Amino acid sequence: MPGGDSWPEVPGVFFDGRSSRDHPATLHLEPDGVRLRLAGRADHHWRAADVTVDPALPGVRRALSFPDGSRFETAEHATVRAWETRHGRNRLLGGVARLEASWGAALGAVAVTGALLWGFVTFGLPALARQAAAVTPQGVLASFDREAMRVLEGQDLIGPSGLSAARQAQLQAAFRDVSGWAGGGYGYRLLLRDGEPAGGVGMGANAFALPNGTVVMTDQLVALARSDRELIGVLAHEAGHVTQRHGLASVYQALGLSLIVTALTGDVVSASTFAAAVPVALVQGGYSRAAETQSDAVAARYLLERYGTTRPLQTILARLESAEGGADGLPDLLSTHPGTAARIEHLRQLEDAAR
Amino acid sequence: MAGMSDPVSLSKDRPAAAPDSGTPLGRHAAAPATGIHSGHAADGTQAAPVVTTYPVSFTGSAGEYFRLWIVNAALTVVTLGLYLPWARVRNRQYFYGHTWVDGHNFEYRADPRRLLRSYLLVGALFLAYVLTSESESLGWVSVLIALLFLGLYPWLVAQSMRFQAVNTVHRGLRFHFDGRVRDAYVAYGAANVAAAVSGGLALPWAWFMQRRYQLDHLRYGSARGLFRGDVAPMYLIALTALGVMAGAGLLLGVPAVVAVVAWMAAQGFELDSLNWMGAGLFGVFFVAAAYVILLVLQGVVWQYVRAATMRYVLNSAELGGVVRTGATFNPWRVVWISVSNGVAQLLTLGLATPWADIRRSRYLLQGVTVRAIAPLDEFAGSAGGPESALGEAATELLDIGLGF
Numbered sequence: 000m001p002g003g004d005s006w007p008e009v010p011g012v013f014f015d016g017r018s019s020r021d022h023p024a025t026l027h028l029e030p031d032g033v034r035l036r037l038a039g040r041a042d043h044h045w046r047a048a049d050v051t052v053d054p055a056l057p058g059v060r061r062a063l064s065f066p067d068g069s070r071f072e073t074a075e076h077a078t079v080r081a082w083e084t085r086h087g088r089n090r091l092l093g094g095v096a097r098l099e100a101s102w103g104a105a106l107g108a109v110a111v112t113g114a115l116l117w118g119f120v121t122f123g124l125p126a127l128a129r130q131a132a133a134v135t136p137q138g139v140l141a142s143f144d145r146e147a148m149r150v151l152e153g154q155d156l157i158g159p160s161g162l163s164a165a166r167q168a169q170l171q172a173a174f175r176d177v178s179g180w181a182g183g184g185y186g187y188r189l190l191l192r193d194g195e196p197a198g199g200v201g202m203g204a205n206a207f208a209l210p211n212g213t214v215v216m217t218d219q220l221v222a223l224a225r226s227d228r229e230l231i232g233v234l235a236h237e238a239g240h241v242t243q244r245h246g247l248a249s250v251y252q253a254l255g256l257s258l259i260v261t262a263l264t265g266d267v268v269s270a271s272t273f274a275a276a277v278p279v280a281l282v283q284g285g286y287s288r289a290a291e292t293q294s295d296a297v298a299a300r301y302l303l304e305r306y307g308t309t310r311p312l313q314t315i316l317a318r319l320e321s322a323e324g325g326a327d328g329l330p331d332l333l334s335t336h337p338g339t340a341a342r343i344e345h346l347r348q349l350e351d352a353a354r
Numbered sequence: 000m001a002g003m004s005d006p007v008s009l010s011k012d013r014p015a016a017a018p019d020s021g022t023p024l025g026r027h028a029a030a031p032a033t034g035i036h037s038g039h040a041a042d043g044t045q046a047a048p049v050v051t052t053y054p055v056s057f058t059g060s061a062g063e064y065f066r067l068w069i070v071n072a073a074l075t076v077v078t079l080g081l082y083l084p085w086a087r088v089r090n091r092q093y094f095y096g097h098t099w100v101d102g103h104n105f106e107y108r109a110d111p112r113r114l115l116r117s118y119l120l121v122g123a124l125f126l127a128y129v130l131t132s133e134s135e136s137l138g139w140v141s142v143l144i145a146l147l148f149l150g151l152y153p154w155l156v157a158q159s160m161r162f163q164a165v166n167t168v169h170r171g172l173r174f175h176f177d178g179r180v181r182d183a184y185v186a187y188g189a190a191n192v193a194a195a196v197s198g199g200l201a202l203p204w205a206w207f208m209q210r211r212y213q214l215d216h217l218r219y220g221s222a223r224g225l226f227r228g229d230v231a232p233m234y235l236i237a238l239t240a241l242g243v244m245a246g247a248g249l250l251l252g253v254p255a256v257v258a259v260v261a262w263m264a265a266q267g268f269e270l271d272s273l274n275w276m277g278a279g280l281f282g283v284f285f286v287a288a289a290y291v292i293l294l295v296l297q298g299v300v301w302q303y304v305r306a307a308t309m310r311y312v313l314n315s316a317e318l319g320g321v322v323r324t325g326a327t328f329n330p331w332r333v334v335w336i337s338v339s340n341g342v343a344q345l346l347t348l349g350l351a352t353p354w355a356d357i358r359r360s361r362y363l364l365q366g367v368t369v370r371a372i373a374p375l376d377e378f379a380g381s382a383g384g385p386e387s388a389l390g391e392a393a394t395e396l397l398d399i400g401l402g403f
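Chains as they are written, first to last, in numbering that gives the first Met the number 0: chain S, 0 to 354; chain P, 0 to 403.
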């Protein structure tokens with residue numbers, strides 16, 4: 000070959016793959032392959048197709064390995080990269096290595112990662128969760144309710160109701176009307192419970208719905224209401240959460256979040272503990288603002304149909320907020336009903352629109 | 000690379016008195032000096048072997064690794080996780096590639112495509128587990144998956160060891176792991192069960208069994224690893240950890256109780272006049288604080304156990320009868336690094352992770368040495384050749400055993 004020695008050559012170390020001995024060597028990077036030159040030995044030539052070039056890593060010697068298990072390592076990055084490009088090797092990972100070398104790309108990667116994660120968590124995940132909740136078979140829902148109630152009762156967050164049998168029957172009758180109106184074939188039942196069974200701790204004046212139609216309302220909320228219409232408004236709101244499957248969607252959302260965290264950190268243990276906390280998240284984790292607005296709209300439809308006004312729900316919302324913010328209550332850090340003023344305004348608009 | 004000394008030049012302090020026989024070292028070698036113990040041979044003619052110490056150096060830099068890490072993280076997110084195996088392999092390759100002994104670095108050679116398949120399988124199983132564990136009618140599926148995992152755990156560990164060893168290369172030679180699955184069921188199955196049944200009494204013994212299983216079946220070329228350690232130091236580590244836990248608990252708990260009593264006293268012990276609302280708040284914060292402190296303490300102690308065992312294992316490991324490793328890092332310093340790393344990662348939303356990983360590796364590795372009575376370039380490759388096809392197929396499930 001004319002000018003055979005003019006091809007680029009790189010100094011490095013050769014390992015024969017049979018022993019750990021390092022042989023100083025030079026490698027001639029020829030167009031059709033590579034030629035290894037070892038002191039005191041005959042040259043060895045490998046065809047380009049037989050040569051594996053390991054993808055470049057920042058600050059690490061380049062390694063070329065050969066079919067017999069031997070390998071050549073060199074610190075001459077640029078020359079190896081040129082040969083690699085010419086032979087079309089490591090196109091993708093070579094590109095990755097070029098990105099890794101630049102601070103600009105790193106900053107871009109921070110921005111892209113942050114934006115995508117944020118976008119997925121705020122928009123993509125809730126949308127996916129809503130879809131998944133909508134297609135979940137109804138048979139699955141019952142176990143959510145049972146599990147969540149077991150946890151709640153086990154943790155002394157609620158206890159048996161102190162209301163009289165007559166009062167309970169009244170409220171049950173009202174709930175039957177609400178649930179019959181809401182429909183959807185869910186296993187509706189109203190559980191009246193004491194929200195403060197162990198003194199000052201507990202959930203206090205509260206009402207919440209579980210995915211299969213179990214609605215829990217506390218004695219404290221019943222005591223707070225000045226009329227049954229207010230309570231019926233709350234029950235209709237909770238029925239809205241059931242028919243829109245908000246609870247299930249929030250469970251899926253939490254699940255998706257934990258899967259993302261697992262994928263990013265590789266920490267499966269924390270993800271499984273997260274999954275175990277799902278029943279609690281169901282009750283305590285708040286719904287999104289959009290979910291509350293949707294349920295308010297459901298409640299408003301019911302109230303307008305029955306009473307021609309949304310005022311009862313507005314008043315109890317306002318009273319709930321002043322009771323929670325009052326001096327004698329713990330500040331409700333985990334409030335499931337944010338933006339009360341906006342919600343009252345929304346209910347008022349719905350009433351105006353109906354006129 | 001700035002600040003990086005030329006690694007190849009680190010090595011030129013070879014012992015002049017090295018046996019120059021060219022005989023491959025290792026288990027099957029009939030070399031004259033096959034073991035450190037044989038330095039005082041019975042016939043008395045053999046001189047004590049010359050021990051050469053090779054420092055282990057780590058040349059990774061936080062800035063360089065940050066760029067690699069974030070670019071690969073972004074690619075993982077953009078590809079909806081499909082790039083994850085490539086990212087994992089590159090991250091690990093960076094650490095292997097920047098760990099040097101006697102002028103030569105390590106290499107991690109795992110094939111991301113095979114990792115992807117096992118990731119998908121494990122991911123699907125995990126998803127099925129999480130989804131079905133909430134359901135009443137399909138709950139048995141999650142139980143089945145959990146039982147399958149528990150039953151196969153030792154097997155998975157053995158496969159994972161195999162995979163990690165065979166994909167680690169140094170000086171052109173692969174490591175191998177040939178521990179039998181049966182022994183894995185003893186070290187990771189029976190020993191863990193015994194530890195659980197005995198209320199933790201057998202836990203240090205389980206650690207011992209596991210380290211021994213890992214090291215005794217590790218091969219570098221044809222040279223076999225050996226764990227020279229014992230059970231007693233494992234118990235010492237566990238006792239130290241328990242002592243620290245109890246001591247710290249007392250140190251923090253006694254003042255806390257005193258504070259509560261003092262607060263009660265200040266209120267005059269009159270139950271009627273006590274501010275019960277305030278008491279409730281106080282109680283909630285008190286319990287929450289105690290819980291967090293307990294968690295942190297547990298994490299700290301666990302980090303100590305890990306670092307101390309690692310140091311002990313490194314100080315008790317031998318390879319082919321001619322190489323011993325040693326470690327001088329301080330386990331408590333490792334604990335401090337882990338805790339401060341965790342805080343930094345939390346405050347930076349994880350962006351400090353590359354810096355934290357580099358910092359930890361740098362501290363651990365600067366305290367590791369390799370002592371040898373023979374040159375490191377006389378190890379022979381194994382006659383076994385590449386892994387069997389069966390081994391290949393089995394390793395598909397790999398790399399998760401230790402992650403758990």
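Even glycine gets a Cβ: it sits at the ideal position worked out from N, Cα and C.
In this text the structure is predicted, and so the values were computed from the model without any measurement.
With a cut-off of 8 Å on Cβ pairs, the region 71-82 of chain S is not in contact with the region 66-76 of chain P, counting fewer than three such pairs. Contact residues of the region 348-379 of chain P toward chain S are G349, L350, L375, D376, E377, F378, A379 (C-beta to C-beta distance below 8 Å).
DSSP, reduced to helix, strand and coil, places P/H103 within a strand of the structure shown. In the three-state DSSP reduction, S/H245 falls in the helix class (H, G or I). Secondary structure at S/D193: strand, using DSSP grouped into helix, strand and coil.
Contact check between the region 116-133 of chain S and the region 233-251 of chain S: three or more CB pairs, one atom from each, fall below 8 Å, which counts as touching. Exclusion of the five residues before and after P/P54 leaves T368 as the residues of its chain whose Cβ lies within less than 7 Å of its Cβ.
The Cβ neighbour count for S/G212, taken over all protein chains shown within 10 Å, is at least 16; the residue is labelled buried. Counting C-beta pairs closer than 8 Å gives three or more between the region 211-227 of chain S and the region 179-191 of chain S, which meets the contact rule. A straight-line Cα-Cα distance of about 12 Å links S/R347 and S/G307.
In this structure, P/G171 sits near S/G16, with a CB-CB distance shorter than 8 Å. Closer than 9 Å at the C-beta level to chain S, one finds these residues of the region 53-64 of chain P: T58, G59, S60, G62, E63, Y64. Annotation: S/Y185 to S/R342 spans about 26 Å, alpha carbon to alpha carbon.
Per DSSP, reduced to three states, the secondary structure at P/V49 is coil, with no helix or strand assignment. Chain-ordered, the chain P residues with CB closer than 7 Å to the CB of S/F14 read R170, G171.
In the DSSP assignment, P/A222 forms a beta bridge with P/Y219. In summary, S/V233 is buried, with 16 or more beta-carbon neighbours lying within 10 Å of its beta-carbon over all protein chains present.
Taken through DSSP and simplified to helix, strand or coil, P/F125 comes out as helix.
For P/G320, no CB of chain S lies under 8 Å from its own CB, so it is not counted at the interface with that chain.
For the 8 Å CB-CB criterion, S/H76 and S/A62 do not form a contact. Here the alpha carbon of S/A181 sits roughly 16 Å from the alpha carbon of S/E291. Your pair S/A206 and S/E237 checks out as a contact, with CB atoms roughly 6 Å apart and the cut at 8 Å. When P/R310, P/G228, P/V304 are compared, the shortest CA-CA separation from P/G366 is found for P/R310. Residues of the region 39-62 of chain S with a C-beta less than 9 Å from any C-beta of chain P: D53, P54, L56, P57, G58, V59, R60, A62, listed in chain order. From the beta-carbon of S/R70, the residues of chain P found nearer than 7 Å are G171. Cβ atoms of P/E106 and P/V168 come within 8 Å of each other, at about 4 Å.
Here DSSP, grouped into helix, strand and coil, assigns P/P111 to helix.
With a threshold of 8 Å between beta carbons, P/L74 makes contact with chain S.
Between the C-alpha atoms of S/Q154 and P/V76 there is a straight-line separation of about 39 Å. For the region 108-140 of chain S, the set of residues with a beta-carbon nearer than 7 Å to any beta-carbon of chain P comprises A108, V109, V111, T112, L115, L116, G138, V139, in chain order. In the DSSP assignment, P/F162 falls outside any beta strand (DSSP E) and lies within the alpha helix (DSSP H) extending over 138-165. Taking a Cβ-Cβ cut-off of 8 Å, the neighbours of P/G96 in chain S comprise L56, G58, V59, R60, given in sequence order. Under the 10 Å beta carbon count, P/A145 is surrounded by fewer than 16 other beta carbons and is classified as exposed.
For the 8 Å CB-CB criterion, P/S60 and P/I357 form a contact.
Spanning the alpha carbons of S/S101 and S/D53 requires a straight line of approximately 20 Å. Leaving aside the five residues that flank S/A164 on each side, none in its chain has a CB nearer than 8 Å to its CB.
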